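Peer 1: Below: one structure in structure tokens.
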Amino acid sequence: MKVNSLDFPYPVLCANDDVAGSYKIDGPYVSRDSGKIKLSLTHILRNHDIQAYLDNGSAEYMVEVFCAKTFFRQAFFGSKSDHVIEINEDLLRDQVKLEFYLVAKNDIVDYLPKTAHSDYKGYKFTLRKGDLLAYAGNTQFSAPKQWLTGDAVGSFMQIVPGDFRTGPMTINLLHPSGKISIALSTEDYDEYQALQSQKRFDDIFHSAIVFPALMFAVSEFIAAPEDQYEGYAWASVLKDKKQNDPRVNKSSWAIEDAPKIAQAILDNPFSRTLKAITNVALEINE
Amino acid sequence: MTQFIFKSACISEMGSSVKTNLKSYLKGGWKVRKEDILVKKDLKALDPNKVRLLDPEGSGKKSHDYENAVMLFEYWKDMNVTQATDVRLWTYLCHVPFMDFLRKRRPIEEIPEAGREAHIIKHWFVMSPGTAAFKYNDLYLFWWGPYLTYDENRKDPYELTKELFSMLDYTRHILTSVQGKNRPLAHAVLEYVIENPDLFEQFKSEKVRLIARRLNFIAGYRTLIALNKQEIKNIIASFRNDIEKEKAKGGSENNSRS
Numbered sequence: 001m002k003v004n005s006l007d008f009p010y011p012v013l014c015a016n017d018d019v020a021g022s023y024k025i026d027g028p029y030v031s032r033d034s035g036k037i038k039l040s041l042t043h044i045l046r047n048h049d050i051q052a053y054l055d056n057g058s059a060e061y062m063v064e065v066f067c068a069k070t071f072f073r074q075a076f077f078g079s080k081s082d083h084v085i086e087i088n089e090d091l092l093r094d095q096v097k098l099e100f101y102l103v104a105k106n107d108i109v110d111y112l113p114k115t116a117h118s119d120y121k122g123y124k125f126t127l128r129k130g131d132l133l134a135y136a137g138n139t140q141f142s143a144p145k146q147w148l149t150g151d152a153v154g155s156f157m158q159i160v161p162g163d164f165r166t167g168p169m170t171i172n173l174l175h176p177s178g179k180i181s182i183a184l185s186t187e188d189y190d191e192y193q194a195l196q197s198q199k200r201f202d203d204i205f206h207s208a209i210v211f212p213a214l215m216f217a218v219s220e221f222i223a224a225p226e227d228q229y230e231g232y233a234w235a236s237v238l239k240d241k242k243q244n245d246p247r248v249n250k251s252s253w254a255i256e257d258a259p260k261i262a263q264a265i266l267d268n269p270f271s272r273t274l275k276a277i278t279n280v281a282l283e284i285n286e
Numbered sequence: 287m288t289q290f291i292f293k294s295a296c297i298s299e300m301g302s303s304v305k306t307n308l309k310s311y312l313k314g315g316w317k318v319r320k321e322d323i324l325v326k327k328d329l330k331a332l333d334p335n336k337v338r339l340l341d342p343e344g345s346g347k348k349s350h351d352y353e354n355a356v357m358l359f360e361y362w363k364d365m366n367v368t369q370a371t372d373v374r375l376w377t378y379l380c381h382v383p384f385m386d387f388l389r390k391r392r393p394i395e396e397i398p399e400a401g402r403e404a405h406i407i408k409h410w411f412v413m414s415p416g417t418a419a420f421k422y423n424d425l426y427l428f429w430w431g432p433y434l435t436y437d438e439n440r441k442d443p444y445e446l447t448k449e450l451f452s453m454l455d456y457t458r459h460i461l462t463s464v465q466g467k468n469r470p471l472a473h474a475v476l477e478y479v480i481e482n483p484d485l486f487e488q489f490k491s492e493k494v495r496l497i498a499r500r501l502n503f504i505a506g507y508r509t510l511i512a513l514n515k516q517e518i519k520n521i522i523a524s525f526r527n528d529i530e531k532e533k534a535k536g537g538s539e540n541n542s543r544s
């Protein structure tokens, strides 16, 4: 549905004065994890009559997600104001449009909110499944740009259990998630999982796992033909940093610069690791 | 896992030098320079023995788009959407392994000289993934058509795909419209036509266009994306009488793909 002119044959809560009250969206906040794009938003409805339809199950929130380049067009429904949507990352590319609706879940007879404009006085309407009760507008986000803005390591790197019990970690730059994928032996992964929830070890892991993987990726990024890794989130992040990150955009990005660049992107992980080890040692001594 | 693709810079250069390279398009045999090629390590290499696209044949040049689409899609069924929107892959396939196929499918010599450059850009290149590529690039359509219509719950998972390739209206207009990108809606239209062969025996394209117009009108006040396939089929069935009455208003009776 394309809501261009906000004229309907019955009162709809939206930007005009058909129905008093408001329906707005807080968000969406876009994040990425484990190959999924996660959209977190809150529906903010200010109308008691329409809220009652939502509460009795006659209506529901609906978010339409549309990506023209991948022919992805799908509706996601929810009855609670907090709404989380997860979509496989590889189903979306570039611009993604979102539209926010409150729609009839079942047929609703004698529909007329008390807060409807006086023009509708004396009328009653029958709504069918999919008819609109409220509209909160639209927004869009760009999948690659989100990768670019994500400074958190998790936006371009993931640590997963490998299919081997022991032995060294492997690094995959061609993982379908688009991230640098580090596979640990299952034994190492189990121990890592047990420790990684304690934030005090983060800096240590940066030196031990993240730094070597990033250094490898930077070397590959420099050595490979210009668009060898086009479409991969990690390569987009590095491309963006090469152009815009003041910590590294003045570097020559020659292959021998890879260790220096990786350390700069991670804000000198060895210094942070030393501090973290010192803190852990102090805790033990106390 | 070593499919070749063109570099982006090479595609830009090729796009701006179609006129200069016209002979290669007319006679075939695109010369690939090593420096223009990338190795796409995450995609199974095309096996020319397994994907042997069928040329148009006979005096009417009957195309085998459906058969070709199933062949290409079956081979690259595990290709993900990110890979399938890589314009460098499709442009490479059009110029190297399938150059001869495209020359027969889209004969350049039948196009007036003034229109040849545009014709080549339209059918040999994918400048951006999406609607235009789906409409005009045969190889792109051969993968995306089955991807959008494959239904593993059917006895023949390609039944809807077969209907899709039976008529140009579907690929040029219906599946590429905003409503058509709603997959349950596209499947509902194709399925309704398959399930009512008598109704669509005559004036099929006119009748399908009527369905598209009506659904588009209804979508102006109802969120069809909220409905499932059966509910959309019920809406179509509600104006069956009008579909029955629809006849050709001049022009050809049918618009099958050629």
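Chains as they are written, first to last, in this note's numbering: chain A, 1 to 286; chain B, 287 to 544.
Built from N, CA and C at the ideal position, the CB exists for glycine as well.
Predicted model, so just to flag it, every value in this text is computed and none were measured.
#1: I want to verify the contact list: residues of chain A whose CB lies under 7 angstroms from the CB of B:Leu513, in sequence order.
#2: Using the C-alpha atoms, what's the distance from B:Glu343 back to A:Gln146?
#3: Roughly how many angstroms lie between the CA atoms of A:Val280 and A:Ile204, to the nearest whole one?
#4: Evaluate B:His381 with the Cβ neighbour count: other Cβ atoms within 10 Å of its Cβ, from every protein chain shown; 16 or more gives buried, anything less gives exposed.
#5: B:Lys490 to B:Leu375, Cα distance in whole Å?
#6: Is it the case that the stretch 436-452 of chain B contacts the stretch 71-87 of chain A, given that we only count it when at least three CB pairs across the two stretches are under 8 angstroms?
#7: A:Val19 and A:Tyr135 - do their beta-carbons sit closer together than 8 angstroms?
#8: Does at least one heavy atom of the ligand GTP sit under 7 angstroms from the Cβ of A:Ala194?
#9: Tell me which residue opens and which closes the alpha helix (DSSP H) that A:Glu191 is part of.
#10: Counting only beta-carbon atoms, is B:Asn527 nearer than 8 angstroms to chain A?
#11: Report the rounded CA-to-CA distance for A:Gly27 versus A:Thr42, giving the unit in angstroms.
#12: Within 10 angstroms of its Cβ, does A:Glu220 collect 16 or more other Cβ (buried), or is it exposed?
#13: What number of angstroms, rounded off, separates the C-alpha of A:Lys121 from the C-alpha of A:Asp17?
#14: For A:Gln146 and chain B, any beta-carbon pair shorter than 8 angstroms?
#15: Under the DSSP definition of a beta bridge, which residues are partnered with A:Asp82?
#16: Give a yes or no on whether 8 angstroms exceeds the smallest Cβ distance from B:Lys293 to chain A.
#17: Would you kindly report the start and end of the unbroken beta strand (DSSP E) that includes A:Asn172?
#18: Hey, is B:Asp333's beta-carbon within less than 8 angstroms of any beta-carbon in chain A?
#19: Starting from A:Glu203, trace the alpha helix (DSSP H) in both directions and tell me its first and last residue.
#20: With H, G and I counted as helix, E and B as strand and the rest as coil, what does DSSP make of A:Leu102?
#21: Beta-carbon of B:Val412 versus every beta-carbon of chain A: anything under 8 angstroms?
#22: Measuring alpha carbon to alpha carbon, tell me which of A:Gln263, A:Glu256 and A:Tyr10 ends up nearest A:Tyr111.
#23: Output needed for B:Arg458: all residues of its chain with C-beta closer than 6 angstroms, excluding positions within five of it in sequence on either side, in chain order.
#24: Using DSSP with H/G/I as helix, E/B as strand and the rest coil, what is A:Thr126?
Peer 2: Let me spell this out:
#1: Against B:Leu513, the close residues of chain A are Lys129 and Gly130, in the order they occur along the chain (beta-carbon pairs closer than 7 angstroms).
#2: Its pLDDT being 38, under 50, A:Gln146 is placed unreliably by the model, and the measurement read from it follows with that caveat. A direct Cα-Cα distance of roughly 48 angstroms separates A:Gln146 from B:Glu343.
#3: 11 angstroms
#4: Residue environment for B:His381: buried (at least 16 other C-beta atoms within 10 angstroms of its C-beta).
#5: Taking the straight line from one Cα to the other gives about 35 angstroms.
#6: no
#7: no
#8: Ligands in the displayed structure: none, and consequently the ligand GTP is not present.
#9: Thr186 to Gln196
#10: no
#11: 7 angstroms
#12: A:Glu220 is classed as buried because its beta carbon has at least 16 other beta carbons within 10 Å across all chains shown.
#13: 14 angstroms
#14: Low per-residue confidence applies at A:Gln146: pLDDT is 38, beneath 50, and the placement is therefore not dependable, though the value from the model is reported in the following sentence. A:Gln146 does not count as touching chain B.
#15: A:Thr42
#16: yes
#17: Thr170 to Asn172
#18: With respect to chain A, the C-beta atom of B:Asp333 has no partner C-beta closer than 8 angstroms.
#19: The sequence shown places Asp at residue 203 of chain A, not Glu. Start and end: Asp202 to Phe205.
#20: Strand.
#21: No, B:Val412 does not count as interfacial toward chain A.
#22: A:Tyr10
#23: If the five residues before and after B:Arg458 are omitted, its C-beta is found closer than 6 angstroms to the C-beta atoms of Lys421, all from its own chain and listed in chain order.
#24: strand
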